[in-house]
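Residue numbers (our numbering): 282 to 464.
Heads up, the beta-carbon is just placed ideally off N, CA and C, and yes, glycines get one too.
Model, not experiment: these values are computed from the prediction.
Below: one structure, written as structure tokens.
This is the structure:
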């Protein structure tokens, strides 16, 4: 897929979710130098110094050993906003907060992390024992690359989690990151 086509697809998905960034973001004084290569290298050198000063073992590159729980895009699924009927079908102990559905009617927001955990996909969950992708061992919302995972591995994990939640609670989880051609 051509880069321009990927960019258009990402922007279309973000626009549909109301997630477009302010184009002036990197013009702000605090952000103006954020993407300059020299500043990124300086930040990496500072990180290596801080790790060494804190006694954190570092490799030849000055970086600490990989923390696979950080090999993710953060929270993968959005907290769903449910209709009154969907919310009433949840167990009594499920988190429930007042919210508004996209059409403007009252709804109930619940925790995607709670749904995932209570659907049987606990911290560290993998599709199979040898899978290179898993839920974080620290939080059920983060899908992580444990080393060598492909986009297809992450997509398979995401689908398994979505299916478990749908089966247990009848709720469709929506990915938060923009996924182009993989889900």
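I believe residue i touches residue j by the beta-carbon criterion, under 8 Å. Please report the beta-carbon distance rounded to the nearest angstrom.
{"i": "residue 388", "j": "residue 382", "result": "4 Å"}
{"i": "residue 353", "j": "residue 454", "result": "At roughly 16 Å, the Cβ-Cβ gap does not stay under 8 Å, so residue 353 and residue 454 are not in contact."}
{"i": "residue 446", "j": "residue 400", "result": "5 Å"}
{"i": "residue 405", "j": "residue 418", "result": "4 Å"}
{"i": "residue 360", "j": "residue 335", "result": "With a Cβ gap of about 34 Å, residue 360 and residue 335 do not count as contacting."}
{"i": "residue 430", "j": "residue 456", "result": "Between residue 456 and residue 430 the Cβ distance is about 16 Å, and since that is not below 8 Å, they are no contact."}
{"i": "residue 375", "j": "residue 451", "result": "No, residue 375 and residue 451 are not in contact; Cβ-Cβ is about 12 Å, not under 8 Å."}
{"i": "residue 459", "j": "residue 291", "result": "5 Å"}
Opposite residue i in the DSSP bridges: which residues?
{"i": "residue 379", "result": "389"}
{"i": "residue 362", "result": "390"}
{"i": "residue 356", "result": "423"}
{"i": "residue 456", "result": "358"}
Does the Cβ of residue i have 16 or more other Cβ atoms within 10 Å, making it buried, or fewer, making it exposed?
{"i": "residue 421", "result": "buried"}
{"i": "residue 368", "result": "buried"}
{"i": "residue 444", "result": "exposed"}
{"i": "residue 358", "result": "buried"}
{"i": "residue 331", "result": "exposed"}
{"i": "residue 364", "result": "exposed"}
{"i": "residue 391", "result": "buried"}
{"i": "residue 378", "result": "exposed"}
* Asked: At a cut of 8 Å, does the segment 414–423 reach the segment 434–447 through at least three beta carbon pairs?
  -> By the C-beta criterion, the segment 414–423 is judged to be in contact with the segment 434–447, since at least 3 inter-stretch pairs fall below 8 Å.
* Asked: In chain order, which alpha helix (DSSP H) runs of at least 4 residues are fully inside the segment 380–448?
  -> Segments of the alpha helix (DSSP H) lying fully in the segment 380–448: 393–399.
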